[in-house]
Amino acid sequence: MKKIAITCCILMIAFSGFTQDTLATRELRFEIGSYRNKYFYPISNIKYYSNLLTNVNLNFSTELRCYGSWYIIHKDAYDLTPIVHYYFTNEASPFNASAGVGLNARLRMVNDVRSEAESSVEPLVNISLYSYVKQYTFHIGNWARFYSNGIAYTFLPEFNYTFDNGFGIVCRYELTYLKIYNTDVNDWQRDCFFGVNYHF
Amino acid sequence: MKILGFSIAFCLLLYSCGKVPFPEPNEGVSHFIGDFKSANLIGFYLLVNDTTLNTQIVTAPVRNGNFALKNLLQPDDYLNNGYRIELAVYNCAAYHTEVFYGFSFMADTSNTTTEFNLICQWQDLPNYVLGENWEPNPNIRGATPPLALVLVDNFLQIKMNTHPASNNHTFIVGTPQPIIKGNWYDVVAHIFWSDNNDGFIEVWLNNTPIIPKDDNNTNKFYSSNLFNPAGNYFKFGQYKGNEKPQSASIIYFDEVKIGSSFEEVAP
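Same order as they appear, the protein sequences are chains A and B.
For the numbering used here, add 14 to where a residue sits in the first sequence, where the first one is 1.
For the numbering used here, add 1 to where a residue sits in the second sequence, where the first one is 1.
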């Protein structure tokens, strides 16, 4: 473990120097996780992010989440989350923010009479804070997802280190608060991810 | 007008959304009667290799009525990663519900093995609404069930497990009860299902509580008994784990019931 940590530090120093000047880049990301509330459960994500229009600070991201596998392929459950983001400035500055809207499509294809899971699509509102400091990026996403009987808020802090060749490493935590309207029912859910990304 | 149109569209979108991925409260109890009076196994989900051999309806011995179930587990009855002959009832152990379960069993006098034998268990489920399933890759779950009644060397134990990913956190609740082969025993379990410590179990054997009284002068044992809010499901029969049984064993079952009161399910 110590060797891995030292190797990571050496690599970070050796590759340091990448500085992102503008948000008008594209990113491809792959992540695996996760520790859920009480147990490990394999989840994998592929995320693509791109500037949508060159003359407006509008960006687009879409994330495909596969449940039950670290290899993105499983027959039972996926989430697809496309979001359009508006950035208040297009510069990669220490203080930045964006607001976005999107959808969270839950695809549940499990064939088991014990399952009550159903596929559905929910609207999503996203407000994010960013900080770009040289090759480091700190990102705090805040999602609100609206359901027919309640709401979910998700807090998504993430840390990203990008090497000067465009490759990077990402750590992300997800903390979700669920609330069912007109009841005292609420719950917290946790997930965490580790992954790699590529800016191009 | 535009704002009105947008508002209507937004409301329609919200109305068409799915539900919060978490169980709603007060789902109620699913009542079930499996007393074999109609001499069939309708209503049960079978984890059985050969229904003509492993699960036979017999006229003797019976606890009540004219029929009972003879459950025969042979050394080669390997199914779904274990040696088992089980019958299951689904959707009967929902999150934050209080349920009574009752059944009668009799260990056959011919049984000679002393290895553990789960005669009933409340097995956990993947949290389907959060995308989970039975066969993740890699499979890093897979522990003993949160709650089971285990026959070991002619004693009946209440065994619990609070760790979804480990078999090293199991413990016995109450005092193991001696079981005499060839005698019928009536079991009633009263359970509040929760993934927190407000969950409880209360078990009677032949109408006698087998969990000692607690500080509140009740015979309840409080502990988490769900791994997640997806709930559990009920199975009975025989399950002997992954090690091949030394010989065949027979357990008779009768009066399997699920309900909302002791009187409703007591054999």
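By construction, the Cβ of each residue, glycine as well, lies at the ideal position given by its N, Cα and C atoms.
With fewer than 16 other Cβ atoms inside 10 Å of its own Cβ, histidine 170 of chain B counts as exposed. Put simply, the backbone Cα of methionine 161 of chain B is about 44 Å away from that of serine 142 of chain A. If you check each beta-carbon in the stretch 158-182 of chain B against every beta-carbon of chain A, the ones closer than 7 Å belong to Pro165 and Ala166. CA-CA distance, isoleucine 58 of chain B to asparagine 184 of chain B, rounds to 18 Å. Distance from the CA atom of histidine 164 of chain B to the CA atom of serine 129 of chain A, rounded to whole angstroms, is 22 Å. Straight-line spacing of the CA atoms in serine 195 of chain B and proline 147 of chain B works out to 11 Å. With respect to aspartate 90 of chain A, asparagine 140 of chain B sits apart: the two C-beta atoms are not nearer than 7 Å. Between alanine 119 of chain A and valine 130 of chain B the beta-carbon gap is near 14 Å, outside 8 Å, which marks them as no contact.
Residue pairing by DSSP puts tyrosine 212 of chain A in a beta bridge opposite A:Leu42 and A:Phe181. DSSP lists B:Phe104 and B:Leu206 as the beta-bridge partner residues of valine 188 of chain B.
For the options B:Pro179, B:Glu136, B:Val174 and B:Asn138, the alpha carbon positioned closest to that of valine 153 of chain B is the one of B:Pro179. Note that the stretch 249-256 of chain B touches the stretch 104-120 of chain B; at least 3 beta-carbon pairs, one per stretch, sit closer than 8 Å.
Taken in chain order, the complete beta strand (DSSP E) segments of 3 or more residues contained in the stretch 211-245 of chain B are 233-240. In this structure, phenylalanine 237 of chain B and phenylalanine 254 of chain B form a Cβ contact; the two beta carbons are roughly 6 Å apart against a cut-off of 8 Å. Unbroken beta strand (DSSP E) runs of no fewer than 3 residues, entirely contained in the stretch 73-122 of chain A, are found at 91-101 and 110-122, following chain order.
Taking a C-beta distance under 7 Å as the contact criterion, serine 64 of chain A and isoleucine 86 of chain A do not qualify as a contact pair. As a beta-bridge residue in DSSP terms, tryptophan 202 of chain A pairs with A:Tyr191. In this structure, isoleucine 194 of chain A and glutamate 99 of chain B do not form a Cβ contact; the two beta carbons are roughly 20 Å apart against a cut-off of 8 Å. Distance between alanine 144 of chain B and alanine 158 of chain A, taken at the CA atoms: about 34 Å. Counting along the chain, the unbroken alpha helix (DSSP H) around glutamate 265 of chain B starts and ends at 263-266. Using a Cβ distance threshold of 7 Å, phenylalanine 214 of chain A and arginine 40 of chain A count as a contacting pair. For asparagine 163 of chain A, there is no enclosing beta strand (DSSP E), as DSSP marks it with neither H nor E.
Close to arginine 122 of chain A, with beta-carbon spacing below 8 Å, are these residues of chain B in chain order: Tyr129, Val130 and Gly132. Neighbours of cysteine 18 of chain B in chain A, taken as residues at a C-beta separation under 8 Å, are given in chain order as Ser134, Val135, Glu136, Pro137, Phe160, Tyr161 and Ser162.
Sequence-distant partners of valine 257 of chain B (beyond 5 residues in either direction) whose C-beta falls short of 6 Å from its own C-beta, in its chain, are Gly35 and Phe104. Asparagine 218 of chain B sits away from asparagine 128 of chain B, with the two beta carbons spaced by 7 Å or more. Of A:Val124, A:Asn140, A:Ile183 and A:Tyr175, the smallest CA-CA separation from phenylalanine 44 of chain A is found for A:Ile183. When secondary structure is reduced to three states using DSSP, tyrosine 96 of chain B falls in the coil class, being assigned neither helix nor strand. Pairing tyrosine 212 of chain A with leucine 42 of chain A gives a Cβ-Cβ distance under 7 Å. Under the Cβ distance rule, proline 147 of chain B does not count among the residues neighbouring chain A, no pair being separated by less than 7 Å. Our two residues, asparagine 226 of chain B and arginine 50 of chain A, have alpha carbons roughly 17 Å apart in a direct line. Assigned with DSSP and collapsed to three states, leucine 138 of chain A falls in strand. Not a single CB atom of chain B sits nearer than 7 Å to the CB of threonine 190 of chain A.
No residue range can be given for lysine 38 of chain B, since it is assigned to no beta strand (DSSP E) and is classified by DSSP as neither H nor E.
For lysine 61 of chain A, none of the residues of chain B pass the 9 Å Cβ criterion, the least Cβ distance being about 17 Å. A Cβ of chain A is located within less than 7 Å of the beta carbon of asparagine 138 of chain B.
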